[in-house]
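Asker: Residue numbers (the numbering used here), protein chains in the order written: chain A, 2 to 347; chain B, 2 to 347.
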DNA sequence: ATACCTTTTGAAACCCGTTTCAAGATAGTT
DNA sequence: AACTATCTTGAAACGGGTTTCAAAAGGTAT
């Protein structure tokens with residue numbers, strides 16, 4: 002039918018021969034880069050459909066120095082936050098005719114370096130990376146494609162764009178919310194402090210404590226479900242009177258909930274709980290999780306667009322900061338929420 | 002330091018000039034494709050490190066007709082099953098020096114076609130796709146790279162490998178488990194019946210019903226959380242005496258649980274619930290979800306390896322079928338599980 | 001020292017779509 | 001009719017790493 006027989010194997014020179022024109026003319030017909038005589042155009046179109054010719058993207062990419070590809074480097078695909086980010090980025094990219102090359106570092110710094118080099122050598126049009134590792138500075142400087150750092154921030158800014166949420170403010174909002182909900186004994190479960198977002202969230206919490214002369218109570222944790230379980234057990238040993246927990250992200254908040262539930266501790270009656278990110282999970286859980294939502298869709302879209310529209314204002318690199326938003330659900334005691342519950346149930 | 006200054010911009014010809022050898026020799030040093038005089042080798046290595054030369058993957062790919070890339074086409078990245086599959090595939094690929102090009106079809110058939118063409122024209126080394134759409138036959142035939150179809154199956158087998166779970170048997174196991182747990186009034190929430198896996202699961206359930214002379218009770222649903230909520234509401238209208246629900250996947254099982262919970266229906270005391278897949282979610286939920294586990298890691302690994310080792314036995318295409326496994330957790334009443342609970346709590 | 005074989009090496013072709021550049025063709029002007 | 005301006009078109013170069021092939025170099029045997 003549509004000539005798929007030999008299909009993709011045909012080359013532009015074969016098509017040209019069949020249409021009795023030059024390869025240049027075929028190229029012009031395909032890309033509309035110049036006017037072509039109506040007769041010849043027809044012959045070319047016919048030859049293309051007969052052979053099922055699909056131009057080789059690699060050859061095109063070699064010449065154009067653009068693979069119409071965005072490299073996406075994340076610490077962990079399994080983390081639902083990055084999954085959702087990847088999803089938005091893929092959608093945005095696809096809308097603009099770009100593809101996504103997905104790279105998972107598994108939090109290994111060396112991999113970040115080799116992946117940046119690899120993506121550059123593949124003529125990727127840009128890289129979106131989540132890292133706060135200062136060591137990659139040289140690699141970012143060396144590769145001459147636009148780089149966007151998402152979700153995190155370097156101490157010293159590099160020559161790349163930053164797209165992230167105001168995690169410091171998010172930390173403050175979370176702390177204040179628990180206090181407003183009546184918590185007297187808050188414990189903050191921190192994410193890894195070499196990760197800028199985790200550190201900023203902690204600092205937000207910490208500054209609220211200082212402001213209100215509350216004693217800081219923290220636990221160290223990773224962005225990981227299993228670690229979250231263990232840390233929560235420890236937490237309950239160390240702070241048996243806890244009545245409010247700030248978890249470093251939603252995944253860990255779920256760990257916390259599971260441990261509390263197993264021990265028969267009621268949420269939010271006995272302990273209130275707040276997470277970060279507002280990944281889809283947060284709504285699936287029962288009770289639904291109160292959390293500081295990141296505008297993941299906006300972050301991903303912005304990051305992708307910065308690369309796609311790189312021509313626009315590549316002069317000075319910028320920092321785009323989005324606001325996190327408190328989403329009150331069922332793991333904290335909020336008066337408004339209770340009111341809302343009542344109207345819904347009536 | 003390591004010559005990242007001009008870095009990646011250098012070409013093999015520049016390196017050759019600097020080392021006073023031919024580009025061919027540089028290539029040979031880099032790839033170890035032939036012996037090179039020790040002197041020259043040293044000069045080349047020095048020139049490479051001075052220029053920070055990284056070979057252009059696109060040029061290499063053009064000649065070799067291999068981009069060391071696997072295309073991954075999934076219906077929806079947001080679906081945790083595919084996320085986990087992507088994660089394993091990425092890991093396996095990375096171990097073998099391959100990259101992943103991630104494509105999301107959003108269940109749009111046309112996109113499958115263009116993405117297969119696109120990946121082929123990018124010299125991808127193979128494609129892993131989840132589809133049961135017979136229309137793509139021509140496209141699969143036309144592209145001369147190995148294709149692996151995961152999770153689903155075509156009515157008429159095409160010339161590609163199949164890697165999937167025995168969904169039919171899974172459906173049977175789920176039905177039998179609920180019956181063994183004492184359910185008298187089971188309703189099966191079916192996934193879209195044009196998707197082979199959903200259909201097979203239904204048929205498994207159906208055959209158990211026939212075998213035991215139980216009346217079939219089904220609802221139509223999609224693999225979607227929101228749709229799941231609505232369908233569950235309908236289900237409770239239509240079958241108020243239901244005491245066991247088979248959900249088409251874990252995500253829908255969670256929808257079901259949420260609706261039951263909101264209505265004050267106790268799980269598993271009043272209604273027992275089983276899902277499919279055993280995505281990470283299933284363990285995060287409270288109560289933890291009983292489900293038919295797919296060996297996602299094995300499926301993904303096998304699929305990736307089939308492409309990476311395509312040289313091995315590309316002669317006749319094969320079908321690799323894995324067994325699903327019942328994982329009893331907290332949404333069904335299993336005696337063994339109760340026993341286990343008791344020992345754990347004592 | 002000569003003939004012969006093996007190994008190392010570089011020039012050039014190759015992969016294939018795009019673009020440049022100049023020639024050829026058409027249209028328009030005087 | 002002669003000439004200029006404009007458009008269409010194909011040959012050839014390009015991008016950059018790889019491989020082929022034949023020449024050059026090194027080594028061995030006679």
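In this text, a Cβ means the ideal position worked out from N, Cα and C, and glycines have one as well.
Take residue 52 of chain A as the anchor and find which of A:251, A:27, A:213 has the nearest alpha-carbon.
Answerer: A:27
Asker: Quick check: what's the CA-CA separation for residue 149 of chain A versus residue 305 of chain B?
Answerer: 29 Å
Asker: Assuming residue 32 of chain B is part of the alpha helix (DSSP H), what are its boundary residues?
Answerer: 24–32
Asker: Could you give the distance in angstroms between the alpha-carbon of residue 15 of chain B and the alpha-carbon of residue 60 of chain B?
Answerer: 15 Å
Asker: Closest by CA to residue 186 of chain A, which one among A:42, A:225, A:226, A:244?
Answerer: A:244
Asker: In three-state DSSP terms, what is residue 100 of chain A?
Answerer: If DSSP states are grouped into helix, strand and coil, residue 100 of chain A belongs with the strands.
Asker: Counting only C-beta atoms, is residue 16 of chain A closer than 8 Å to chain B at any point?
Answerer: Taking Cβ atoms only, chain B never reaches closer than 8 Å to residue 16 of chain A, which makes this a no.
Asker: For a test of the three-state rule: what should DSSP assign to residue 119 of chain A, helix, strand or coil?
Answerer: helix
Asker: Give the range of the beta strand (DSSP E) segment to which residue 72 of chain B is assigned.
Answerer: 70–75
Asker: Report the residue from A:328, A:177, A:179, A:71 whose alpha carbon sits nearest the alpha carbon of residue 121 of chain A.
Answerer: Nearest option by C-alpha distance: A:71.
Asker: Can you tell me whether DSSP reads residue 155 of chain A as helix, strand or coil?
Answerer: coil
Asker: Where residue 273 of chain A and residue 196 of chain A are concerned, what is the direct C-alpha to C-alpha distance, given to the nearest angstrom?
Answerer: 26 Å
Asker: Is residue 59 of chain B close to chain A? Criterion is C-beta to C-beta, closer than 8 Å.
Answerer: yes
Asker: Which two residues bound the contiguous alpha helix (DSSP H) that contains residue 40 of chain B?
Answerer: Residues 39–52.
Asker: Near residue 311 of chain A, which residues of its chain fall below 7 Å by C-beta distance, leaving aside the five closest residues on each side in sequence?
Answerer: 127, 147
Asker: Closer than 8 Å, CB to CB, is residue 76 of chain A near chain B or not?
Answerer: no
Asker: If you draw a straight line from the C-alpha of residue 91 of chain A to the C-alpha of residue 78 of chain B, how long is it?
Answerer: 9 Å
Asker: In terms of residues, what are the limits of the alpha helix (DSSP H) holding residue 228 of chain B?
Answerer: Where residue 228 of chain B is concerned, the enclosing alpha helix (DSSP H) stretches over 226–239.
Asker: Using the beta-carbon count (16 or more within 10 Å), is residue 119 of chain B buried or exposed?
Answerer: In summary, residue 119 of chain B is buried, with 16 or more beta-carbon neighbours lying within 10 Å of its beta-carbon over all protein chains present.
Asker: Give the secondary structure of residue 149 of chain A by DSSP, where H, G and I count as helix, E and B as strand, and everything else as coil.
Answerer: strand
Asker: Quick check: the Cα distance between residue 25 of chain B and residue 67 of chain B, rounded to an integer number of angstroms?
Answerer: Taking C-alpha positions only, residue 25 of chain B is separated from residue 67 of chain B by approximately 20 Å.
Asker: Residue range of the beta strand (DSSP E) that residue 306 of chain B falls in?
Answerer: Where residue 306 of chain B is concerned, there is no enclosing beta strand (DSSP E), although the alpha helix (DSSP H) it sits in stretches over 297–309.
Asker: Judging by CA-CA distance, which residue of B:253, B:265, B:264, B:269 is the nearest neighbour of residue 279 of chain B?
Answerer: B:253
Asker: Please report the Cβ distance between residue 330 of chain A and residue 290 of chain A, rounded to the nearest whole angstrom; I am assuming they are in contact, meaning their Cβ atoms lie under 8 Å.
Answerer: Correct: roughly 6 Å between the Cβ atoms.
Asker: Measure the beta-carbon distance from residue 250 of chain B to residue 224 of chain B and round it to whole angstroms, keeping in mind my assumption that it falls under 8 Å.
Answerer: 6 Å
Asker: Which class does residue 210 of chain B belong to by DSSP, given the choice of helix, strand or coil?
Answerer: In the structure shown, residue 210 of chain B sits in a helix (DSSP, three-state: H, G or I).
Asker: For a test of the three-state rule: what should DSSP assign to residue 93 of chain A, helix, strand or coil?
Answerer: Residue 93 of chain A: helix per DSSP, three-state reduction.
Asker: On the three-state DSSP scale, how would you describe residue 84 of chain A?
Answerer: Three-state result, residue 84 of chain A: helix.
Asker: With 8 Å as the threshold, decide whether the Cβ of residue 63 of chain B is near any Cβ in chain A.
Answerer: yes
Asker: Under 8 Å between beta-carbons, which chain B residues line up against residue 321 of chain A? List them in chain order, please.
Answerer: Residues of chain B passing the Cβ test: none, with the nearest at roughly 23 Å.
Asker: Report yes if the CB atom of residue 198 of chain A is closer than 8 Å to the CB atom of residue 139 of chain A, and no otherwise.
Answerer: no
Asker: Can a CB atom of chain A be found closer than 8 Å to the CB of residue 91 of chain B?
Answerer: yes
Asker: With a cut-off of 8 Å on the beta carbons, I'd call residue 73 of chain B and residue 117 of chain B a contact; round off their distance for me.
Answerer: No, residue 73 of chain B and residue 117 of chain B are not in contact; Cβ-Cβ is about 12 Å, not under 8 Å.
Asker: Would residue 286 of chain B and residue 255 of chain B be called neighbours here (beta carbons separated by less than 8 Å)?
Answerer: yes
Asker: Taking 8 Å as the threshold (beta carbon to beta carbon), is residue 259 of chain A in contact with chain B?
Answerer: yes
Asker: By Cβ distance, which residues of its chain are closer than 8 Å to residue 299 of chain B, with the 5 residues on each side in sequence left out?
Answerer: 323
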